[in-house]
Amino acid sequence: MTPRRRRLAILLRLAVVLGVVAGIVLTALGPATITGLLPYFTIQSNVAVGVFAGYTAWCALRDRPEPPSVLKGAVTLYITITGTVYHLVLANPASPFAMVQPHREPGEWWGNQFLHTVVPLLAVADWALFDRRGRLRPRYAAWWLVFPLAYLGFALVRGLVVDRYPYPFLDAGQLGYDGVGVSAVGFAVVFWLLGLLFVGVDRLLARRRGAAPAPPAREDPAVRQPTASG
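In my numbering, each number is its position in the sequence shown, counted from 1, plus 279.
Okay, structure coming up:
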């Protein structure tokens, strides 16, 4: 990474960190509390991407190797899920799982936008502009489902204890476990396809940037050694 690109990467990653902090603090100014926010996938994915962005900003500042692309792909996918589910499912009146959007004071409104819109867009921009290309594999899309599936288990177990579920498509009290299972399978398939989309975009950008693995030397005339004439 050139010094100029490194500076841009640091600025963008610091913007992600600030967006996460601002989003959580401003949202907590409303009726929600920090501890009340923690069970939400939105908060967990934002915290994950914020910590990751802070660490990679430090790596860029120190010119240190960054974490593996598979890890960056994972946290970027999770924050993308947050933004996508919010806008297409929870805040979409046409969705069967739409949530009633309460009136929000300006500070809380901005906090909501930071967490669901600004941070996801910044994180995807960082991944697209500054991640190393050509390192993602299709099998990673399945591996990346581990955290959403673990979150599903957490939400259901917590719901048994407190009789409250963070999202309507996980509400076993309303849908029953069969209904939650059907919606979970549907979301898992969509998330898997979204992960495959990340892999496909990574490969496309690799080809455009010339980052694809180099062919063997015997197939590349430019790197062949001259041979003595007979």
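Here a beta-carbon is modelled for each residue, glycine too, at the ideal position from N, C-alpha and C. In this text, all values refer to a predicted model and were calculated from it rather than measured experimentally.
Annotation: Ala467 to Asp342 spans about 37 Å, alpha carbon to alpha carbon. A contact is defined here as three or more CB-CB pairs under 8 Å, and the region 285-296 fails this definition with respect to the region 421-433. Put simply, of Trp389, Leu415, Val440 and Gly489 the residue whose alpha carbon is nearest the alpha carbon of Gly474 is Leu415. The beta carbons of Val403 and Thr361 sit no closer together than 8 Å. By the C-beta criterion, the region 397-413 is judged not to be in contact with the region 453-469, since fewer than 3 inter-stretch pairs fall below 8 Å. Of the residues assessed, Ala332 falls on the buried side of the cut-off, its CB having 16 or more other CB atoms within 10 angstroms. With 16 or more other Cβ atoms inside 10 Å of its own Cβ, Arg292 counts as buried. Leu350 and Arg418 have their C-alpha atoms spaced approximately 13 Å apart. Taking 8 Å as the cut-off, the Cβ atoms of Gly386 and Leu317 do not count as close.
When the five nearest sequence neighbours on each side are left out, the beta carbons in the same chain lying within less than 6 Å of the beta carbon of Gly329 are those of Val296 and Val299, in order along the chain. Excluding five sequence positions before and after Val397, the CB atoms of its chain that fall closer than 7 Å to its own CB belong to Gly298, given in chain order.
Excluding sequence positions up to five before and after Asp410, its CB lies within less than 7 Å of the CB of Ser348 and Lys351, all in the same chain and listed in chain order.
For Arg411, the secondary structure class from DSSP, reduced to helix, strand or coil, is coil.
Secondary structure within the region 419-486: the alpha helix (DSSP H) runs of 4 or more consecutive residues, fully enclosed, are 419-422 and 425-441 (chain order). Between the region 376-392 and the region 438-451 there are three or more inter-stretch CB-CB distances shorter than 8 Å, so the stretches are counted as touching. The alpha helix (DSSP H) runs lying completely inside the region 360-419 and spanning 4 residues or more are 385-392 and 398-409, given in chain order.
If the five residues before and after Ile289 are omitted, its C-beta is found closer than 8 Å to the C-beta atoms of Ala336, Ala339 and Leu340, all from its own chain and listed in chain order. Less than 8 Å separates the beta-carbon of Ala301 from that of Gly390.
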